[in-house]
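Residue numbers (the numbering used here), protein chains in the order written: chain W, 43 to 172; chain Y, 8 to 157.
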């Protein structure tokens, strides 16, 4: 029984653990279903990240430079930097990535982001160096 | 006064620093799972600040949580619900046991803060920003000994 539980935990962790490149690959597979998609573009992600989609943009909390620590626009809570180059803990956990994209896109855009939009933003974040 | 046993002295020695640090029954440590989930966006407010009916109402609409989407998966939510309800405030927080969604609108909050002047409040970003005065708020500590007025 103990062994079974251990196996279950390991299997679960393995399915949740990933790297930013794994997410990019997964998102690319989904985005290819969208008409006219060629590949993700860091420039497009940069524009999307900084554009106001209503009251807010991604940078409202993550700041204009995602290599810097951010601050929640409403509560003032500190936010760790988003760019993997300066914060290797980012884009490692599938559950976290799915949760925060879902929540934050709904807050900023009033809807979920498309795979292309997510991939563009991730490509932009990965293009940043320390 | 004579202490007859070494165990008694030892017990006194071990508990005294704990009592002095303020970790009494009114400020138990916050649940790490709760802090990780809810504390990633805002101060992890201790369960005792709201009644069970209020926590239930809040958790029932997390996808519309004060104009933000704070929805989480059911599997992650249930342990948090259990923690909040088990440690919720027992005394009423609002009229006739109705849920109060904002801690700052509870009867006890108004009473505890009724001596704070509007001028003082104007120096605080929001009434939800407990840490502006309560220096131990991020650890769930609200003792009168840990207040620094702005």
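Every residue gets a Cβ at the ideal spot worked out from N, C-alpha and C, and that includes glycine.
Residues that residue i contacts on chain Y, provided the C-beta gap is smaller than 7 Å
| i | result |
| --- | --- |
| residue 95(W) | Within 7 Å Cβ-Cβ: nothing; residue 95(W) doesn't reach chain Y, min ~14 Å. |
| residue 85(W) | Residues of chain Y passing the Cβ test: none, with the nearest at roughly 28 Å. |
| residue 88(W) | Near residue 88(W) there are no residues of chain Y at all, since even the closest Cβ is about 24 Å away, more than 7 Å. |
Within chain W, partners of residue i - CB distance below 7 Å
| i | result |
| --- | --- |
| residue 144(Y) | Going along chain W, no residue has its Cβ under 7 Å from residue 144(Y), so there is no contact; the nearest lies around 12 Å. |
Per DSSP, the bridge partner or partners of residue i
| i | result |
| --- | --- |
| residue 154(Y) | 141(Y) |
| residue 75(Y) | 72(Y) |
| residue 58(Y) | 96(Y) |
9 Å Cβ cut-off: residues of chain W touching residue i
| i | result |
| --- | --- |
| residue 111(Y) | The contacting residues do not exist; residue 111(Y) stays about 13 Å from chain W at best. |
For residue j and residue i, believed in contact at Cβ under 8 Å, the rounded distance
| i | j | result |
| --- | --- | --- |
| residue 69(Y) | residue 78(Y) | 5 Å |
| residue 143(W) | residue 160(W) | 6 Å |
| residue 7(Y) | residue 50(Y) | In the structure as shown, chain Y starts at 8 and stops at 157, and residue 7(Y) therefore has no counterpart that could be examined. |
| residue 165(W) | residue 87(W) | 5 Å |
| residue 41(Y) | residue 110(Y) | Actually they do not touch by this definition, with Cβ atoms about 15 Å apart. |
| residue 61(Y) | residue 108(Y) | 7 Å |
| residue 118(W) | residue 136(Y) | 7 Å |
| residue 125(W) | residue 66(W) | About 14 Å separates the two Cβ atoms, so there is no contact after all. |
| residue 103(W) | residue 114(W) | 5 Å |
Under 8 Å by beta carbon: chain W residues contacting residue i
| i | result |
| --- | --- |
| residue 135(Y) | 117 |
Cross-chain neighbours of residue i in chain Y, by beta carbon under 8 Å
| i | result |
| --- | --- |
| residue 113(W) | Under the 8 Å cutoff, chain Y gives no residues; its nearest Cβ is about 11 Å from residue 113(W). |
Every unbroken alpha helix (DSSP H) inside the segment 56-139 of chain W [4 residues or more]: 62-73, 84-92, 101-104
Under 9 Å (Cβ pairs) to chain W, residues found in the segment 33-59 of chain Y: 46, 47, 48, 49, 50
The segment 113-131 of chain Y: positions lying closer than 8 Å to chain W by Cβ: none
Interface positions of the segment 72-87 of chain Y facing chain W (Cβ-Cβ less than 9 Å), listed along the chain: 73, 74, 75, 76, 77, 78, 79, 80, 83
Positions along the segment 117-136 of chain W whose CB lies within less than 8 Å of some CB in chain Y: 117, 118, 119
Short-range partners of chain Y found in the segment 143-172 of chain W, where Cβ spacing is below 9 Å: 144, 145, 146, 147, 148, 149
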